[in-house]
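Report on the following structure.
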Amino acid sequence: MSILRQIQRGVSALLFPARADADVDSELTHFAEQRAREIACTGTPYDEAVRQARLEMGNVTVAREAVRASGWEHGLDLLLGDVRYAMRRLRREPGFTVVAALTLALGIGAATAIFSAVNPILFRALPYPGADRIVTISERTTSGSALDPAYGTYEELLSRARTLEAISVTDGWAPSLTGTNEPERLDGRRVSASFFRTIGVLPAVGRSFDASEDVPGAAKVAIVSDRLLQRRFGGDAAIVGRTVSLDGEPYLVVGVMPTGFVDVTAPSVDVWSPLRAQPRADPNSREWGHHYRIVARLAPGTDVRGAARELATIAANPVAEFPRVPWASLQQGVLVRGLQDDITASARPALLAIVAAAAVLLLMACVNVTNLLLARSGRRRSEFGVRAALGAGGGRLVRQLLTESVLLALLGGVLAFVIANAGVGALIALAPPGLPRVDAIRVDATAFAFALAVTTVVGVVVGLLPAFAASRADVRADMQTGSRTVARRSAARGVLVVTEVALALVLLVGAGLLLRSLDRLFAVSPGIQPAHVLTMQVVNPDRAASPEASDRARQLFFERVVDAARTVPGVTEAALTSQLPLSGDLDAYGYAIESRPDQKPGENGAALRYAVTPGYFRSMGIQLVRGRLLDATDRAEAAPSFVISETLARVLDGDPLGQHLRFGPDVDGSRPWGTVVGVVRDVKQSSLADQDIPAFYVPMAQWRWVDPMQSLVVRTDGDAAALTTAVKRAVWGVDRNKPITRVATMEELMARTAAQRRFASVIYETFAIAALLLAAVGLYGVISGRVAERTREIGIRTALGATRGEIVSGVLRNGLALTAAGVIIGAASAVATTRLLETLLYGITRADPVTYASVIALLAGVAALACWAPARRAAGIDPVITLRAE
Amino acid sequence: MTIKWTVAVPEQNTDVIPGTLDMLILKTLSLAPLHGFGIGRRVEQISRGVFRVNPGSLLVALQRLERSGWLDAEWRDTENGRRARFYSLTRAGRRQLDAETADWERRVAAIGRVLRAEA
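Quick mapping for you: the protein sequence lines, in order, are chains E and W.
Quick note on numbering: our numbering labels position 552 of the first sequence as 552, and the sequence is numbered without any gaps.
Quick note on numbering: our numbering labels position 57 of the second sequence as 57, and the sequence is numbered without any gaps.
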């Protein structure tokens, strides 16, 4: 009842202020009349009585104000008034408003966008129950890095480890889905039956795998992703219980994973099937290769370190029950890492570097806003002096300024939201391939609120300075134009500008280092001639009655594919290779050298294997150094021949040509030695930034098996990408049921290997340009302010005979002195902070003098430009007008 | 040489004790509905001139009490034909008066006890 009454009275007072005032007035009038009547009763004449009554009552306006101020609506009324006034002020200073709002928007927007992108990748828990207890286990190499473990290692840990509640192992799989529309190569994963239990997510429809389905020879079953269900099977969950054709064989679908489920270790995977690995396999089998991934869940009461300690003990103490092979002896121990750490390890340096850049930009935004507000408070001191003199209380002035600051922050916040949204979109579009958890990136409300709060608090605190000054200071002194506090404020602004210049330099150095690294990287010779080369992966998964028959059929198919590709107009050469440089393929084998019989196989490290058709070197443009290339004479029945890379040639003693080697499964001596017939230039396999590693080329026909998945490499006489359709059609002309995937030109693949550096570089460049602009605005503001304050002094100097040149150089010197101070501090901080970028640099150190020299020159140039306009204005000061104005 | 016209006794404080104005108004209106001037006059008379109410504070208090739902207000003609705003106590106002009176008496009694205490 009374609340309703409060609201109703308040609203009516707000809507009809005149009526409310009139009510109060007539009550007061009634008072006065009554009192006058009383006085008149004592015999005083009525006019005199009215006068006395008025006197007794005091100031009617004050009484009216008191009544008006007692309701809640009065506060709202004042607030609306403040808002109206603040909007008028901001409109009257469009330059200040636009620059301040844009600065805020830039800082908040960039910080929000970057944090939104990085948070789910590095910090937010993975979408599995108890995700922090899931770990990956890999073998440790001599250099301390991680190596994919072998199946045998998994078997041993499964039986011996006590600190793991569940342990699972998975292996790559790329089945071809046929029997429906177009043949498609799927991304799949072969997993142990324990996999889904280990990560804690079970199929939404159907069931998980049973242990009985994970043994050699078991019936083939599969679980599909919801994504694949929607895309290929019309979203009908009735697929469970039916069979699909994978690699030409029927698989019974037993489950569908929940919508949105992603295997974070392999985000593109759409189908899972049991591993069906051979227990206690012999050393030459696939099970002892380094191509598995072990995912485990920690037992209750243990942490990553506890598990690592136990597994280290197991690694150091082999038991007879689990014989190990020399290349998976666990001599260097095992690596146990949290799942999240593991999948983000490669992206972490670049992401932390861009987070740091965003933080610097946010800091610069704060400094710049502080600077702008300080300058403005100087301009407004007389205004506040006047208002204080007219009776405005300190609280009233503070409220007014608070309203202005909050309004400005809101304006900046709205713009920032737009920038953050666009920024997140741009980041996702720019993201280097393989960046984990890209699907989880959204604009982060917490980050936005945080950045907005930081800048607002800074704005509000700084914005309040003139109000405090006005409520304290001697009003008269402020209303006069000459004020001594100007010098103090100017010094404070000088410090802020030096800070801005220093921060801008840090970002510029970062951007410069990354740009120079990219330059250096692309100057590296990849060992191939990437122009005009088109590549695509061709898959022949078919199996015949025996492995030999399968190989013969594949060999025939792939030879026909090469012949078909050669007939396409515009193609000058075509060939196949088992692994393609710069594509992500990595296939290496241990080797033995005949002249070093005492050396154990694998002791030399591994060499990259390229099983190729003879035209490969010409197709890829790999240069011969010595001897001969592989040619049509190197058939299956001919003497085994190898071509080796320069790095491998250096490993051999003496003339490499004619030396005898064995590779991979042949090291055990069941096959004759092969002869080195040629040496070619090194080719970068995984990245341009890599060290060269040994490599050997073997004729496809002479290798132990024919790889079911091969890359077709086509050299063209024009635009390589333009021939895509024609080449695909030629391949499908051989067999229209064989999937073609991973179509890319070699130039695209080269660009992709630098994608992470390019990502960081683009962000740094963007931020550095923004920082440069902010610093220029800050410098311009301070120098203009100083020129304005010194108008009189400059006028006197001019009158005393100073030339225009002297005035201009004086102002420029002033600005450049601030810049120089900023540059020195900035360079020192850049030397310290660019450590974050170290892993992204290539070919230069982080103290690269060329980078420092060029960004300092750039900064100095921009600073000179920013000071030029105020300097010109100073030179144009007319002494007569200035002196008369005082 | 100046002549002192005023009597040399300290001037009596006629301010209402802070926090009691609401109670005085409610009590006054519990006898009969009145307009603002009448309330002030009645407080002055009953207190025998000890308290004098300033019109400004009275109107502020009346507005507050009315909004709290303890008073109703209505424009009416007075006996001498003028329009005035008449205030009357609501049921909630009466409860409020009882509560405030009880509280006041409790506190006055306590103050009395403190003042009468022997050293």
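Virtual Cβ for every residue (Gly too), placed ideally from N, Cα, C.
{"query": "So within the region 537 to 579 of chain E, which uninterrupted alpha helix (DSSP H) runs reach at least 4 residues, ignoring any that extend past its ends?", "result": "547 to 566"}
{"query": "Do Gly822 of chain E and Ala375 of chain E have their C-beta atoms closer together than 8 Å?", "result": "no"}
{"query": "Looking at chain W, which residues of the region 47 to 81 of chain E have a Cβ within less than 8 Å of any of its Cβ atoms?", "result": "Met57, Gly58, Val62, Ala63, Ala66, Val67, Ser70 and Gly71"}
{"query": "Step through the CB atoms of chain W and report whether any lies within less than 8 Å of the CB of Gln400 of chain E.", "result": "no"}
{"query": "When you compare only the Cα positions, how much space is there between Val99 of chain E and Leu773 of chain E?", "result": "11 Å"}
{"query": "Using a Cβ-Cβ cut-off of 8 Å, state whether Val60 of chain W counts as contacting chain E.", "result": "yes"}
{"query": "Are Val367 of chain E and Leu59 of chain W close, meaning C-beta to C-beta below 8 Å?", "result": "no"}
{"query": "Which residue marks the beginning of the alpha helix (DSSP H) containing Leu865 of chain E, and which one marks its end?", "result": "Pro849 to Ala875"}
{"query": "So, with DSSP's three-state summary, where would you put Pro436 of chain E?", "result": "coil"}
{"query": "Can you check DSSP and say which residues form a bridge with Gln710 of chain E?", "result": "E:Val538"}
{"query": "If contact means a Cβ-Cβ distance below 8 Å, which residues of the region 13 to 30 of chain E contact chain W?", "result": "Asp23, Val24, Ser26, Glu27, Leu28 and His30"}
{"query": "Short of 8 Å Cβ to Cβ, which residues in the region 780 to 797 of chain E face chain W?", "result": "none"}
{"query": "In chain E, which residues lie with their C-beta within 9 Å of the C-beta of Gln63 of chain W?", "result": "Arg9, Val24, Val67, Ser70 and Gly71"}
{"query": "From what residue to what residue does the beta strand (DSSP E) around Val191 of chain E run?", "result": "Gly188 to Val191"}
{"query": "So which residues of chain W does Gln340 of chain E contact, with C-beta pairs closer than 9 Å?", "result": "Within chain W, no residue comes near Gln340 of chain E; the closest Cβ sits about 59 Å away, beyond 9 Å."}
{"query": "Smallest Cα separation from Leu80 of chain E: which of E:Asn119, E:Thr141 and E:Leu14?", "result": "E:Leu14"}
{"query": "Expressed to the nearest angstrom, what Euclidean distance is found between the alpha-carbon atoms of Arg387 of chain E and Gly395 of chain E?", "result": "12 Å"}
{"query": "Can you tell me the Cα-Cα spacing of Asp236 of chain E and Ala347 of chain E, whole angstroms?", "result": "37 Å"}
{"query": "The alpha helix (DSSP H) spanning Trp732 of chain E covers which residue range?", "result": "Thr724 to Val734"}
{"query": "Thinking C-beta only, is Ala574 of chain E closer than 8 Å to Leu712 of chain E?", "result": "yes"}
{"query": "Show which residues of chain E have a CB atom less than 8 Å away from the CB atom of Phe37 of chain W.", "result": "His30, Phe31, Gln34 and Arg35"}
{"query": "Considering Phe86 of chain W, what are the terminal residues of the beta strand (DSSP E) in which it resides?", "result": "Arg83 to Leu89"}
{"query": "For Ala181 of chain W, which three-state DSSP category applies?", "result": "There is simply no residue 181 of chain W to check, as chain W begins at 1 and stops at 119 in what is shown."}
{"query": "Identify which residue in E:Ala193, E:Ile199 and E:Pro216 has its Cα closest to the Cα of Ser208 of chain E.", "result": "E:Ala193"}
{"query": "Report the option in E:Val727, E:Thr499 and E:Arg609 whose CA atom is closest to the CA atom of Thr567 of chain E.", "result": "E:Val727"}
{"query": "Considering Thr153 of chain E, what are the terminal residues of the alpha helix (DSSP H) in which it resides?", "result": "Tyr151 to Arg160"}
{"query": "Helix, strand or coil, according to DSSP, for Asp690 of chain E in the structure here?", "result": "coil"}
{"query": "Excluding the 5 residues flanking Pro279 of chain E on each side, which residues of the same chain have their C-beta closer than 7 Å to its C-beta?", "result": "Glu155"}
{"query": "Within a Cβ cutoff of 8 Å, which residues of the same chain sit near Val683 of chain E, ignoring the five residues on either side of it in sequence?", "result": "Pro526, Gly527, Ile528, Pro581, Met620, Ile622, Ser645 and Ala695"}
{"query": "Let's see if you can read the secondary structure: which residues bound the alpha helix (DSSP H) around Val679 of chain E?", "result": "Note, Val679 of chain E: premise wrong, no alpha helix (DSSP H); beta strand (DSSP E) at Gly674 to Val680."}
{"query": "Measure the C-alpha to C-alpha separation of Gly861 of chain E and Ala451 of chain E and round it to an integer number of angstroms.", "result": "31 Å"}
{"query": "With a CB to CB cut of under 8 Å and the five nearest residues on each side skipped, what residues in its chain are close to Asn737 of chain E?", "result": "Thr178 and Pro183"}
{"query": "If you draw a straight line from the alpha carbon of Arg54 of chain E to that of Thr42 of chain E, how long is it in whole angstroms?", "result": "17 Å"}
{"query": "Check Leu55 of chain E in the structure and name its three-state DSSP category.", "result": "helix"}
{"query": "For Ile354 of chain E and Phe522 of chain E, I'd like the C-alpha separation in whole angstroms.", "result": "22 Å"}
{"query": "Would you check if the region 537 to 544 of chain E and the region 867 to 877 of chain E touch, i.e. whether three or more CB-CB distances between them fall below 8 Å?", "result": "no"}
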